[in-house]
Each structure stands twice: as structure tokens, then as C-alpha cells.
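In UniProt numbering, the protein residues as written are 1 to 63. Backbone N, C-alpha and C fix where the C-beta goes; we use that ideal spot for every residue, glycine too. On a predicted model such as this, the values are computed, not experimentally measured, just so you know. Heads up: the structure comes next, in C-alpha cells.
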Amino acid sequence: DRFGKLLYVPLPSPDDRVKILKTLAKGRPIDASVDLSAIGRMEDCENFSGADLAALVRFCSLY
């Protein structure tokens with residue numbers, strides 16, 4: 001492997017997911033009715049990585 005070490009990066013906690021979503025949503029055209037705090041705490045997002053959350057924000061900003 002390229003780096004010589006494997007690092008474990010845990011999935012974000014619900015509070016971390018909310019912070020990530022709010023940071024990623026800044027400057028994006030997301031409707032004010034979208035509750036990022038509620039989305040970040042949803043059980044459906046429990047296994048989302050930071051990349052998954054970024055994809056979710058990109059998708060939300062399309063509509």
C-alpha cells in the first residue's frame with residue numbers, strides 16, 4: 001500500500017454530521033425549509049461518511 005500504514009477514521013457522530021452538513025451547505029442554494037440539524041441526526045444517516053454527506057448536500061442543492 002502507498003502510505004505504509006492503515007488509519008481507521010470513524011464515522012461522524014450525529015453532532016459531527018450536523019456540523020459537516022452546515023459547513024458544506026454554506027453558499028449553496030438550499031431551500032430554507034431544509035432542516036440540516038434534523039437530517040444530520042436521522043437514523044438513516046447513521047452510516048454516512050463525510051463524502052456521503054457531501055454528496056447529499058450536492059444533491060439537495062440541485063433541486
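Roughly how far, in whole angstroms, is the beta-carbon of residue i from the beta-carbon of residue j, given that I think they are within contact range, below 8 Å?
i: Arg17; j: Phe48; result: 7 Å
Along the alpha helix (DSSP H) that carries residue i, what are the first and last residues, could you check?
i: Ala32; result: Where Ala32 is concerned, there is no enclosing alpha helix (DSSP H), given that its DSSP letter is neither H nor E.
Check whether the Cβ atoms of residue i and residue j sit closer than 8 Å, and answer yes or no.
i: Ser61; j: Pro12; result: no
i: Leu7; j: Ala54; result: no
Closest to residue i by C-alpha separation, out of the options, would be which residue?
i: Pro10; options: Gly50, Leu36, Ser33; result: Gly50
i: Ser37; options: Asp52, Ile20, Gly27; result: Ile20
i: Glu43; options: Asp52, Pro14, Val57, Leu56; result: Pro14
i: Gly40; options: Ala32, Phe3, Val57, Gly4; result: Val57
i: Asp35; options: Lys22, Asp52, Gly27; result: Lys22
With H, G and I counted as helix, E and B as strand and the rest as coil, what does DSSP make of residue i?
i: Lys22; result: helix
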